[in-house]
Amino acid sequence: MSLGPCLDALTLNLSAQVLASGRTAFITGSNFGTLAPTQSSSQTIRIYNTGGDTIDVAALDGITAPFRLLSSTPQLPARLAPRDSAIIIIAYDFADYNRRDTINIVSRSMGPCADTARFQVRGATVARGTITGIVVTAPANVVGTAGANVAIPLSLESLQPLDSANITQITVDVSYNPTLLKAFTVLQGAGGAQGTIVESQPGKARILISSSTSIVASQPLVVVQARTYVSNVTSTPFVIDSVTIPGVSATGRNGSVTVIADCVISAELTALGQSVALRVDHIEPSRIEAQITTITDESTTLSIYDLAGQCVMTPLSATLPVGSYHLTFDTRSLSSGAFVLVLRNGRQVQSEVVYLYR
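Mapping of the sequence shown onto the working numbering: residues 425 to 782, in sequence order.
The following block contains the structure:
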């Protein structure tokens with residue numbers, strides 16, 4: 425190629441393309457927990473194409489028994505368009521007693537600017553003879569009014585007697601939407617167990633439960649009290665993230681809390697500080713006496729819910745003049761245990777936890 429005399433100026437129009445990785449990969453959790461016989465747990469790996477070009481994602485490496493690939497959407501290897509993602513679910517199965525398993529899962533992209541992501545995950549199984557089948561349960565739905573406190577009873581369920589386990593301490597980790605809820609104290613349960621609660625960060629808390637005597641299955645084990653707030657959402661899961669009991673394998677069953685915004689109180693009632701009220705005065709094996717106060721002549725209902733969230737009785741459903749009322753209702757059709765009384769007056773809601781003993 426001849427460019428002419430040495431002093432001639434030469435102009436070149438150049439263009440370039442910068443190739444960079446546009447992939448983000450993460451796993452929902454690295455610990456699959458401690459499993460009892462017949463149990464299995466899972467975690468999810470998500471791979472996102474955050475760039476502007478299509479990327480090729482290879483199949484995952486390093487998944488060995490007792491871990492297994494449960495599902496992959498789409499099936500890997502796969503090509504992901506910009507803003508597309510792959511969701512891979514990994515399972516860990518009970519294979520034998522007293523195991524401690526750790527693997528390294530490797531995810532690779534292919535082509536220019538290929539990268540590698542590694543996830544170390546672990547799982548364990550109980551020792552032979554460990555008591556299993558113990559569940560700490562939160563109620564399916566607790567209802568309250570924004571600005572008021574709600575009571576969230578936690579129950580301890582077991583498929584076998586716990587007397588021989590000599591349980592005196594239980595640690596429960598919970599999580600919830602902090603814009604709607606803040607747990608702040610723990611009340612004593614039916615069996616005498618007491619507890620404390622500490623938030624490690626907004627929306628995450630640890631409950632420490634202790635008893636001077638052996639803890640047995642009870643409803644409720646303890647009652648968590650939480651403040652409620654007006655938020656852009658009206659309900660939150662109350663998640664039992666983990667349950668730790670020395671020498672015992674335990675799990676959790678999640679519940680939920682619904683908060684209704686207080687938006688119908690008139691300016692006069694607000695100034696007076698008046699609100700819907702529900703107070704349980706007396707509980708006997710066959711009946712409950714309660715006081716209610718209404719602030720609007722809209723429909724008023726008083727319903728009783730079990731801890732599974734099922735309405736088991738509605739002692740009151742009427743349109744009442746604004747005022748205070750004394751109610752007595754028969755509870756002989758209900759079993760022993762904890763129940764939630766929910767009073768609704770228009771859009772106002774109040775709730776109380778009651779315990780029936782026979």
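Beta carbons: idealized from backbone N, C-alpha and C, even for Gly.
Cα-Cα separation, residue 683 to residue 571: 9 Å
Check whether residue 500 and residue 515 have beta carbons under 7 Å apart: no
CB contact flag (residue 617, residue 638, <7 Å): no
Helix, strand or coil at residue 767 [DSSP, three-state]: strand
Range covered by the beta strand (DSSP E) that runs through residue 600: Unbroken run through residue 600: none, as it is neither H nor E.
Cβ-Cβ distance between residue 577 and residue 602 below 7 Å: no
Integer Cβ distance of residue 579 from residue 644, believed to fall under 8 Å: 5 Å
Burial state of residue 588 (16 or more Cβ within 10 Å): exposed
Bridge-paired residues (DSSP) for residue 772: 769
Span separating the alpha-carbon of residue 459 from that of residue 518: 6 Å
Residue 472 - containing beta strand (DSSP E), residue span: 464-473
Beta carbon proximity, residue 757 to chain C, threshold 7 Å: No chain C appears in the structure shown, which is made up of a single protein chain.
Distance between beta carbons of residue 766 and residue 759, contact taken as under 8 Å: Contact doesn't hold; Cβ gap of about 18 Å is too wide.
Those residues which DSSP pairs with residue 653 across a bridge: Answer by DSSP bridge pairing: none, since residue 653 is not bridged.
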